[in-house]
Amino acid sequence: MNKRNEQLLQIVNQRKKIEVNELADLLQVSKVTIRKDLTQLEDRGLLQRQHGFAIINNPNDLKFRLAQNYDTKRQIAKVAAAKVQDNETIMIESGSTCALMAEELAQADKHVTIITISFFIANYIRNYPNINVNVLGGEYQADSQVAVGPLTKAMLANFHTNKLFLGTDGFDAQFGFYSNDIMRADTVQAMVANAENTIILTDSRKFNAKSTVRQLAFNQVDTVITDDQVAANVRELLRQEQVHLELVHTDA
Numbered sequence: 001m002n003k004r005n006e007q008l009l010q011i012v013n014q015r016k017k018i019e020v021n022e023l024a025d026l027l028q029v030s031k032v033t034i035r036k037d038l039t040q041l042e043d044r045g046l047l048q049r050q051h052g053f054a055i056i057n058n059p060n061d062l063k064f065r066l067a068q069n070y071d072t073k074r075q076i077a078k079v080a081a082a083k084v085q086d087n088e089t090i091m092i093e094s095g096s097t098c099a100l101m102a103e104e105l106a107q108a109d110k111h112v113t114i115i116t117i118s119f120f121i122a123n124y125i126r127n128y129p130n131i132n133v134n135v136l137g138g139e140y141q142a143d144s145q146v147a148v149g150p151l152t153k154a155m156l157a158n159f160h161t162n163k164l165f166l167g168t169d170g171f172d173a174q175f176g177f178y179s180n181d182i183m184r185a186d187t188v189q190a191m192v193a194n195a196e197n198t199i200i201l202t203d204s205r206k207f208n209a210k211s212t213v214r215q216l217a218f219n220q221v222d223t224v225i226t227d228d229q230v231a232a233n234v235r236e237l238l239r240q241e242q243v244h245l246e247l248v249h250t251d252a
């Protein structure tokens, strides 16, 4: 995605609904150019067009979360993708930043096998023949488009990888990382048990979020990749807990 498209997406996210003609004026490009940009973003599911307007996606849709804080998530995804070698097999749980990481691997033309519970991620990179995706079965959660539960855990027992990449919904200084769903948290535990290194991908806002279900304790996490807006006390806490922290630079 070029810089103009990133600016365009940011404006639509802020305004929620904006006329196409106004977007062209704000970005100082022709209406033909802005329509081409909007078509590209719409094809990727990052926004919608409707009767001369550009609008954000349904907040309940995974594609809505994908478009939020997009530039920061993309930078985190690039750092994560650089950790994966050509012809490596990895596990990826779910989430918007993980989806962008999978896309980074695909666009880098790396030949990677991905084991995932996310049907969204499998569909998101479906057009890249260099990526082999194994989607685990189980109880399907429509909102998050993932498989969870006993069947998923039983299938996970057949796999072991060096790296597991996952997202998180919240953070607590006493325990560690949290999820919004008990079955997904339970499935994550099974994924961690079958990986050598657990790597969390999250933007810094999640460190201020409160969730209800314990996902992973500090000693279950090897690395966190986030942005440089994460608070100093969180950085120090992760260091004390021997969690490796990698920061990407933002313009905030």
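Numbered according to full-length UniProt numbering, the sequence shown terminates at residue 252, and the numbering increases by one at each position without gaps. Quick reminder that beta carbons are idealized off the backbone N, C-alpha and C, glycines included.
Closest to residue i by C-alpha separation, out of the options, would be which residue?
i, options, result
"I199", "V79, I11, L66", "V79"
"R184", "Q145, A102, R126, R49", "Q145"
"H249", "V230, L66, G45", "V230"
"G45", "P129, D203, N123", "N123"
"L216", "R65, D172, K36", "D172"
"F53", "H111, V20, V213", "V20"
"A106", "I117, V29, N87", "N87"
"F119", "N134, H111, N127", "N134"
"K163", "Q220, S30, R35", "Q220"
"E93", "F64, A108, Q50, T161", "T161"
"I117", "L38, A99, N127", "A99"
"M191", "I182, K153, V112, K110", "K153"
"D90", "V112, Y128, L9, D143", "Checking the sequence shown, residue 90 turns out to be Ile, not Asp. The shortest Cα separation from I90 among V112, Y128, L9, D143 belongs to V112."
"G84", "D109, N127, L62", "Before going on, a small fix: residue 84 reads as Val here, not Gly. Ranking D109, N127, L62 by Cα distance to V84 puts D109 first."
"T97", "Y128, I114, R65", "R65"
Bridge partners of residue i, per DSSP?
i, result
"E19", "F53"
"R214", "Y178"
"N197", "K163"
"S96", "In the DSSP output, where bridge partners are listed per residue, S96 has none listed."
"S118", "V146"
"Q48", "I55"
"M91", "I115, L164"
What would DSSP say about residue i, mapped onto helix, strand or coil?
i, result
"V32", "helix"
"V248", "strand"
"Q40", "helix"
"Q14", "helix"
"V230", "coil"
"V224", "strand"
"V79", "helix"
"Q107", "helix"
"T202", "coil"
"D25", "helix"
"A209", "coil"
"E236", "helix"
"Q6", "As written in the sequence, residue 6 is Glu, which differs from the Gln given in the question. Note: E6 maps to helix in three-state DSSP."
Rounded to whole angstroms, what is the Cα-Cα separation between residue i and residue j?
i, j, result
"F159", "Q7", "41 Å"
"G138", "F207", "30 Å"
"E104", "A77", "7 Å"
"L136", "V148", "9 Å"
"V12", "K73", "17 Å"
"L27", "R4", "7 Å"
"D186", "G95", "16 Å"
"V29", "T212", "46 Å"
"K210", "L247", "22 Å"
"E196", "D222", "9 Å"
"T226", "T202", "5 Å"
Only counting runs of 3 or more residues, tell me where the beta strand (DSSP E) segments fall wholly within the region 121 to 192, in order along the chain.
-> As summarised for the region 121 to 192, the continuous beta strand (DSSP E) elements at least 3 residues long and confined to that stretch are 131 to 135, 139 to 141, 146 to 148, 161 to 166, 170 to 172, 176 to 179, given in chain order.
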